[in-house]
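Have a look at the structure below, then the notes.
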Amino acid sequence: MIIQSFVRDDLKFIRELQPEGWGDITPSIEFYTKSSFCFPMKVNVGDEIAGIGSAIIHHRVAWLAHIIVRPEFRKRGIGRFITEALLSSAEVKKCETVYLIATELGAPVYPKVGFETEAEYLYFKDVKIDKLLMTSQMIYPYEGRFKNQLAEMDKINSSEDRLFHLEPHFQNGYVYSPGKIEGFYLPTFGDGLIIANNPSAGIELLKLHLQSNKKIAFPKDNLAATKYLNEKGFKEFSTGKRMR
């Protein structure tokens with residue numbers, strides 16, 4: 001096995017790595033190849049790409065993402081090999097904390113290299129709500145004057161300093177503000193990022209998300225979101241773990 005950087009020329013092979021049941025991975029992998037704070041890798045077995053993974057650096061915090069092994073190359077230790085290579089990279093070794101989101105398939109690998117479960121996530125798909133559902137009158141499009149408030153809110157909720165990562169998505173975002181900002185929604189950040197200070201703000205922004213999206217994921221301890229979807233007749237189809 002040979003580990004190398006994943007570069008833009010490798011994108012033509014990305015369809016071979018698309019996991020069943022995931023959203024299209026191409027935009028994320030392409031983003032990694034263009035961003036100065038992302039460090040994607042690939043593992044070659046012979047002349048084929050057997051697996052990929054990436055490190056995303058938010059100052060002193062790293063996230064490992066899209067650790068994917070092609071089905072025909074699984075059960076050979078490649079997932080662990082990629083994870084260890086990312087952890088050993090110069091960029092990640094400078095970080096104080098390393099996180100990842102583990103799928104049910106990948107979860108058994110990560111404790112072997114030192115990760116511990118910090119939180120569980122619920123994944124919902126095929127969620128359909130009434131498109132005529134009125135958007136809350138407390139939701140407003142993002143304006144530049146909101147930037148510092150959103151940055152502080154995100155830092156409190158995520159414990160990360162990632163404004164440089166979020167800022168390109170602010171222009172397409174929304175805030176929930178019944179007087180002061182209590183939450184925000186960035187539709188173009190990943191599959192859609194919602195940060196809220198209370199359940200009311202979170203649910204209203206969730207409704208906005210679901211008017212144009214059929215899937216959502218959130219921590220298992222978000223009881224308000226779980227109750228809202230369960231009452232609408234929807235159950236999680238999968239679970240995952242945030243590991244540190």
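FYI, the numbering for the sequence shown is 1 to 244, going by our numbering. Every residue, glycine too, gets a C-beta built ideally from N, C-alpha and C. Computed from a prediction, not measured in an experiment: that's the story for all the values here.
Identify, in the order they occur along the chain, each residue of the same chain with its Cβ nearer than 6 angstroms to the Cβ of residue 127, setting aside the five sequence neighbours on each side.
Counting from one through the sequence shown, the residue named residue 127 turns up at place 127. Excluding residues within five positions, the ones whose Cβ falls inside 6 angstroms are 210, 214 and 234.
Determine, using beta carbons only, whether residue 28 and residue 39 come nearer to each other than 8 angstroms.
To locate residue 28, count along the sequence shown from 1; it is residue 28. To locate residue 39, count along the sequence shown from 1; it is residue 39. Not closer than 8 angstroms, so no.
Within 10 Å of its beta-carbon, does residue 164 have 16 or more other beta-carbons around it, so buried, or fewer, so exposed?
Here residue 164 refers to the residue found at position 164 of the sequence shown. In this structure residue 164 is exposed. Its beta-carbon is surrounded by fewer than 16 other beta-carbon atoms within 10 angstroms.
Can you grab the Cα-Cα spacing for the pair residue 21 / residue 104, in whole Å?
The residue you call residue 21 lines up with position 21 of the sequence shown. The residue you call residue 104 lines up with position 104 of the sequence shown. Each residue's Cα considered, the two are about 12 angstroms apart.
Measuring alpha carbon to alpha carbon, tell me which of 175, 125 and 121 ends up nearest residue 145.
Along the sequence shown, one-based indexing puts residue 145 at 145. Of the candidates 175, 125 and 121, the one whose C-alpha sits nearest the C-alpha of residue 145 is 175.
What is the C-beta distance between residue 41 and residue 52, in whole angstroms, given that I count them as a contact (C-beta under 8 angstroms)?
Residue 41 sits at position 41 when you count from the first residue of the sequence shown. Residue 52 sits at position 52 when you count from the first residue of the sequence shown. That belief holds up - the Cβ atoms of residue 41 and residue 52 are roughly 7 angstroms apart, short of 8 angstroms.
So, at 6 angstroms on beta carbons, what are the nonlocal neighbours of residue 63 in its own chain, with the 5 sequence-adjacent residues on each side left out?
Start at 1 with the first residue of the sequence shown, and residue 63 comes out as number 63. Hits under 6 angstroms: 56 and 99.
Taking just the CA atoms, how far does residue 118 sit from residue 220?
Stepping through the sequence shown from its first residue, residue 220 is reached at position 220. Stepping through the sequence shown from its first residue, residue 118 is reached at position 118. Roughly 11 angstroms separates the two Cα atoms.
Any idea if residue 49 is buried or exposed, counting beta-carbon neighbours within 10 angstroms, 16 or more meaning buried?
The residue you call residue 49 lines up with position 49 of the sequence shown. So residue 49 counts as buried.
Within its chain, find whatever has a CB closer than 6 angstroms to the CB of residue 87; leave out the 5 residues flanking it on each side and keep chain order.
Start at 1 with the first residue of the sequence shown, and residue 87 comes out as number 87. Closer than 6 angstroms at the Cβ level, and outside the excluded window around residue 87, lies no residue.
Can you give the beta carbon distance from residue 110 to residue 239, rounded, assuming they're within the 8 angstroms contact cut?
By one-based count along the sequence shown, residue 110 stands at place 110. By one-based count along the sequence shown, residue 239 stands at place 239. About 15 angstroms separates the beta carbon of residue 110 from that of residue 239, a gap too long to meet the 8 angstroms contact definition.
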